[in-house]
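Engineer:
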Amino acid sequence: MEKTHKIDVVSIRLVEEPPLYSSKELKNPCDVAELFQDFLKDCDREMFCILNLRTKNQVINVNVVGMGTLNSVLVHPREVFKSAILSNASSIILAHNHPSGDPEPSRHDIEVTKRLAEAGNLMGIEVLDHIVVAENRYFSFREENILPEYFQMEEVAAEQSLPYVKSEKEKVH
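Number 210 in the numbering used here belongs to position 76 of the sequence shown; there are no gaps in the numbering.
1) R147 to K216, Cα distance in whole Å?
2) Does any residue of chain D have a CB that is nearer than 7 Å to the CB of N231?
3) Restricting to Cα atoms, I'd like to know which of E278, D263, H264 and D236 is closest to N270.
4) Could you check what DSSP says for E213 in three-state terms: helix, strand or coil?
5) Determine the closest residue to K175 out of H232, I265 and V246, with distance taken between C-alpha atoms.
6) Measuring CA to CA, which of I265, R249, E252 and I219 is closest to P239?
7) Is the Cβ-Cβ distance between L281 and A223 less than 7 Å?
8) How close, in whole Å, do the beta carbons of V207 and F182 come, if the pair is a contact with beta carbons under 8 Å?
9) Quick one: is E180 buried, meaning 16 or more other Cβ sit within 10 Å of its Cβ, or exposed?
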């Protein structure tokens, strides 16, 4: 008699957790920073999260990608983009905290951000920003023009900030 081998069938699903609440629509880096400052305020170690967004930059969900140590967190593109793909996100915003109180990104933060932006470009999932929060301050890679050039909007007025969400006038109905 021939031996039968069992092969497990698995599926991958998103599991809903208690929601985050924001009193504002997330339209710019400051709004996103406020959301994550509140979400990560009591963390004694670095946490890396992503905000998954629809085509018109409406928020789908937040995913905690990793929890690290006092001054670092391990981040791999596979883990970062897993929830973005499962959420059918067209773009993401990266966010993590610095428990030290200084939001200035390290060289490693900058390298990881560029690597994730390049990976997102290959998959068609745009990395809109990376926000580093610390106490009541934040650092936005977008505001500081650190993201790779191919992620910068083509037509931007010099005096105007780069919005995440189009105003009602700009929306196509």
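Yeah, the Cβ is synthetic: ideal placement off N, Cα and C, and Gly gets one too.
The structure presented is a predicted model; accordingly, all values stated were derived computationally and were not measured.
Structural biologist: The relevant details are as follows:
1) Just so you know, the alpha carbons of R147 and K216 end up roughly 10 Å apart.
2) Among the protein chains of the structure shown there is no chain D, as only one such chain exists.
3) With respect to the C-alpha of N270, the residue from E278, D263, H264 and D236 having the closest C-alpha is D236.
4) The answer is helix: DSSP assigns E213 an H, G or I state.
5) The shortest C-alpha separation from K175 is found at H232.
6) Ranking the options by Cα distance to P239, first place goes to I265.
7) Contact flag unset, no.
8) A Cβ-Cβ distance of about 5 Å is found for the pair V207 and F182, placing them in contact under the 8 Å criterion.
9) Looking at its Cβ environment, which holds 16 or more other Cβ atoms inside 10 Å, E180 is buried.
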